[in-house]
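Participant: Residue numbering for the sequence shown follows numbering that gives the first Met the number 0, beginning at 0 and increasing consecutively.
Each residue gets a CB set at the ideal place from its N, CA and C atoms; glycine is no exception.
I'd like to ask some things about the structure below.
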Amino acid sequence: MIIPTALGCVAAIFAAILQYQNGGLLNVFLKPVPSTDGHSGPSFDIQQDPSVMSTNLMDIVWGKLTAADLAVLAALPTELGGGQEGVAKAIENPNREGQIIVTFLVCLVFAGLGLLAIFVFSFVCCCCCSSGENYDKDEEDRDKTTTSPIKEQNVICCGLHLLAFIMTALLLLGLAISIGFYFGAANVLSETMANSQANDEEVVVWLEGNSSSFSISRIMQFFTSNFGKFGSLAITSAKKNVEATVSTVKNTLLEVTLPNEISTLLTVLMTQFKLTDIREAVNDMVYAIGNATVNSEYISSNYNSTVPTILNKSMELEFILNKTVAECSSSISEVDGLKNNFDPKNVLPVPPNVTTMLNRTNTQLQDLKAKLDNITKELEAMKKDVMTELQNKLDLNKILDGMNNLLKSLEQQFSTVNEQVNNTITTVSGYLEEYSGSTNAVLYVLSLPCILAGIIFLSFFAVFLFEALQRHLFSFSVESASQASAGDQSRSRVCGGGGMFCISSGLLLLPVILFGLFAVVTVTVGGLLHAELCPYIAESSGIDMSDYVINSKVQVLWDQVIAAQVTGEGGGTAGNDFTGIINLKAPRNPLYAIKIGCNPQNAGSTSKTGLLGQMGIENLVNISALLESPILTEGINNAKKSLVDGIVKAKLGENIPNDTITQIKTFTVTFQNMTTLLNLSRSAKYLQEHVFKTEEIKTFANKLSSNCSVQKNKLIDLVSQLETINVASSKLRDAYDGLNNETMALNSTKLELEIEAFKKVSTFL
């Protein structure tokens, strides 16, 4: 129960020391260095002046703070509790290390005064006991008449003995506890300096504060080994990240994005060349001329078989109808309405040369279309050549090798630093282990005077207690202690009952003062660490201050060592063209990342995972820098330029002869003039108007009387022939209409303009 109570008191004392996070020992061991560029924040360097360090430390301990003592705090941002506002608050609320020191010194003074009181009481006891040394029988009768003063003396002497006994017992108890704590502290210090075979799990328990013992050398080895593992894993992860990124870039950039971009450029060029418009115009003309050719061929093939047949059947119908009027007394007006009266002069034939002209023009258009297809194929071939050349130039394996070489350089640099750290840790651990035994021996030797004084004090205290009991020194009876002691013929073994105890109480001053000073030093150092160091490595707000300072220092070291190595500055390794592709940002906020960010209890408070993520390194490969790197951008631009240069050298405009436009234009005008002379619409209209009225003829024949059966049968037989003639006439009429419509729609103006624009663009590109 004693130890937990004592530890609880110490914890309460430490908790009362801290009033304001003023930067603590950061102000002692560091100094701000103003920024040279005027934009970035200040950096921090190690304080090299011992006088400044000692002055700042004493001012912090005794609470006599000035602005000069808080230079680091003044350099910190206001949002972290620094700046002039933070300095003012720190000066108004100094921490209480000095008050605790004074308090413990006062307690030490009171302990010394207690020992001095015991010494005085022991001395008085010596005087009380010495009064019985010369006591004789002759005076016994005389003293019987003076019992009252003796009783008073007996009460005082007994009270002093009791008080001395109680205070001595308490001091002995405190001495025993102090010696126990001393040996415990010595043992912990010995274990702390000695090497340990504890595994990593046990070291983690130490770092979490769940163990009272630990080994400094083992902790340093733990940090070094894990630092090495972290660096190796980070570089391995970077290599995998680089390979995955390059693979992704290859799959997306070279196989998808760049072909699409080149295709887009090609589409733009084809649009500028009017190839699509030319193709549409050619297709329109080919379609029109094709239909016109079909209609012209149909007219040429069927005119001689259709028009004369219509004429013959028209005359035959007229002959039968006239005979019917004469023999059957039919109505002349009704008969005239059934006649066709077809005149072949109103249906002009299409000259054979029209079809020939159409076929020749169609051949020219098909040839033009083939040339356009060849131009398109040439452009596609140029695109493939450019893509092949681009893939050869954009050798991503070169990029991968370059970044791997860069990472290898970093790995070598890291190995060198890690080896130096390992050597330093090994040396420090060796020193700690070498001197741990000597330190342990010195600690135990220093305790021997205290133990010896305690043993002597305890021995004489036991003798004093035994003799005091034997001589009734604690008795309040009528018989005085002097009288009781007079019955003993032997001389007092302790200088009359208290002399040697008086001497031993004086000897106890040494261990009390030593342990008192030890307690003052322990609490002072512990309080200083608790108030001026622990908050800046354990508490979130203090960690922010430490990380700000560490970030500045790490950035300076990073620029001097890592960045210089990979860029080849300062006599380091040769520069690397791919330095910007890898995120070479210096890690930030390492204390926050280790203590808070990577704590499993805080896993849900942030989306960043892993130690690198907590230190601001979200990815090891800068995709934007990779895509914007000169090796890619210049390659793409050169590919586009090569495509345009290839098109210029190909002289695509010369693939379409100049006389092609003239020939097409001449044909169009000639054909339209010819069809105008043929008046195709009139022929189609005439054929439409002179269709045989087969239904009316059939009705008329059925109405004839029985004495006109011959005419009736002739008309009925003729109707079936006329129906066949009507079908042929309708097809011929449609051919005339189609030829007329296609002729009207035929227009070479658009084709002429687009070809002219194509030639101009291909010439001036």
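Counting C-beta neighbours from all protein chains within 10 Å, is the total for E741 16 or more, i.e. buried, or is it exposed?
Facilitator: Flag for E741 reads buried.
Participant: Work out the CA separation of D44 and N26 for me, nearest whole Å.
Facilitator: 11 angstroms
Participant: Around the C-beta of S704, are 16 or more other C-beta atoms found within 10 angstroms, so that it is buried, or is it exposed?
Facilitator: exposed
Participant: Report the CB separation of I277 from L357 in whole angstroms; it is logged as a contact under 8 angstroms.
Facilitator: Actually they do not touch by this definition, with Cβ atoms about 21 angstroms apart.
Participant: Put K692 into one of helix, strand or coil per three-state DSSP.
Facilitator: coil
Participant: Is DSSP giving A747 helix, strand or coil here?
Facilitator: Rather than Ala, the amino acid found at residue 747 in this sequence is Ser. If DSSP states are grouped into helix, strand and coil, S747 belongs with coil.
Participant: Drop a sphere of 10 angstroms on the beta-carbon of I1, count the other beta-carbons inside from all chains shown, and report buried for 16 or more, exposed for fewer.
Facilitator: Its pLDDT being 43, under 50, I1 is placed unreliably in this model, and the coordinates cannot settle the point.
Participant: Consult DSSP for K30 and reduce its assignment to one of helix, strand or coil.
Facilitator: strand
Participant: Grouping DSSP H, G and I as helix and E and B as strand, with all else coil, what is S42?
Facilitator: Taken through DSSP and simplified to helix, strand or coil, S42 comes out as strand.
Participant: Going by DSSP in three states, C533 sits in which element: helix, strand or coil?
Facilitator: coil
Participant: From this set, K730, Q671, T698 and I16, which residue's C-alpha is nearest L298's C-alpha?
Facilitator: Just to set this straight, residue 298 is Ile in the shown sequence, not Leu. Considering only alpha carbons, the answer is K730.
Participant: Check N352 in the structure and name its three-state DSSP category.
Facilitator: In the structure shown, N352 sits in a helix (DSSP, three-state: H, G or I).
Participant: What do you get for M57, buried or exposed, if any count of 16 or more other CB atoms within 10 angstroms of its CB means buried?
Facilitator: exposed
Participant: Which value, in whole angstroms, describes the spacing of the CA atoms of P534 and T632?
Facilitator: 51 angstroms
Participant: Taking only the alpha-carbon atoms, compute the straight-line gap between D366 and E315 and give it to the nearest angstrom.
Facilitator: 51 angstroms
Participant: Mind checking whether S641 and E388 have CB atoms under 9 angstroms apart?
Facilitator: yes
Participant: Can you tell me where the alpha helix (DSSP H) holding T54 begins and where it ends?
Facilitator: P49 to W61
Participant: Can you tell me where the alpha helix (DSSP H) with S328 in it begins and where it stops?
Facilitator: Counting along the chain, S328 falls outside any alpha helix (DSSP H), and DSSP gives it neither H nor E.
Participant: Which residue's Cα is closest to the Cα of E751: G111, Q20 and A280?
Facilitator: A280
Participant: Closer than 8 angstroms is the cut-off here; do at least three beta carbon pairs connect the segment 323-335 with the segment 701-721?
Facilitator: yes
Participant: Helix, strand or coil for S704? Go by DSSP, reduced to three states.
Facilitator: coil
Participant: Hey, V346 and L714 are a contact pair by Cβ (cut 8 angstroms); roughly how many whole angstroms apart?
Facilitator: V346 to L714, Cβ: 25 angstroms. No contact.
Participant: Excluding five sequence neighbours on each side, which residues of the same chain lie with their C-beta closer than 6 angstroms to the C-beta of Y735?
Facilitator: L679, S682 and A683
Participant: Can you check which of these residues, L24, G40 and Q46, is closest to K30 by C-alpha distance?
Facilitator: Q46
Participant: Using the Cβ count rule (16 or more neighbours within 10 Å means buried), how would you classify G336?
Facilitator: exposed
Participant: Whose C-alpha, out of S50, E91 and F691, is nearest the C-alpha of N311?
Facilitator: F691
Participant: Flag this pair as yes or no: are the beta carbons of E91 and A530 separated by less than 9 angstroms?
Facilitator: no
Participant: Return the Cβ separation of L348 and Y302 in integer angstroms, given the expectation that the two are a contact with Cβ distance under 8 angstroms.
Facilitator: Per the sequence shown, residue 348 should be read as Pro rather than Leu. P348 to Y302, Cβ: 5 angstroms. Contact.
Participant: Please decide whether N55 counts as near chain D, where near means a Cβ-Cβ distance under 9 angstroms.
Facilitator: Protein chains in the displayed structure number just one, and chain D is not present.
Participant: Report all residues from its chain with a CB closer than 8 angstroms to the CB of T308; omit the five preceding and five following residues, and keep chain order.
Facilitator: Within the same chain, I724 and A727 come within 8 angstroms of T308 by CB-CB distance, once the 5 residues on both sides are set aside.
Participant: Classify S437 as helix, strand or coil using the three-state DSSP reduction.
Facilitator: helix
Participant: Count the other C-beta atoms from every protein chain shown that fall within 10 angstroms of the C-beta of T748, then say buried if there are 16 or more, exposed otherwise.
Facilitator: exposed
Participant: Which term fits C106, buried or exposed, when burial requires 16 or more other beta carbons within 10 angstroms of its beta carbon?
Facilitator: exposed
Participant: By alpha-carbon positions, which one of Q20, I59, L72 and W61 ends up nearest to V32?
Facilitator: L72
Participant: What is the DSSP secondary structure of L24, reduced to helix, strand or coil?
Facilitator: coil
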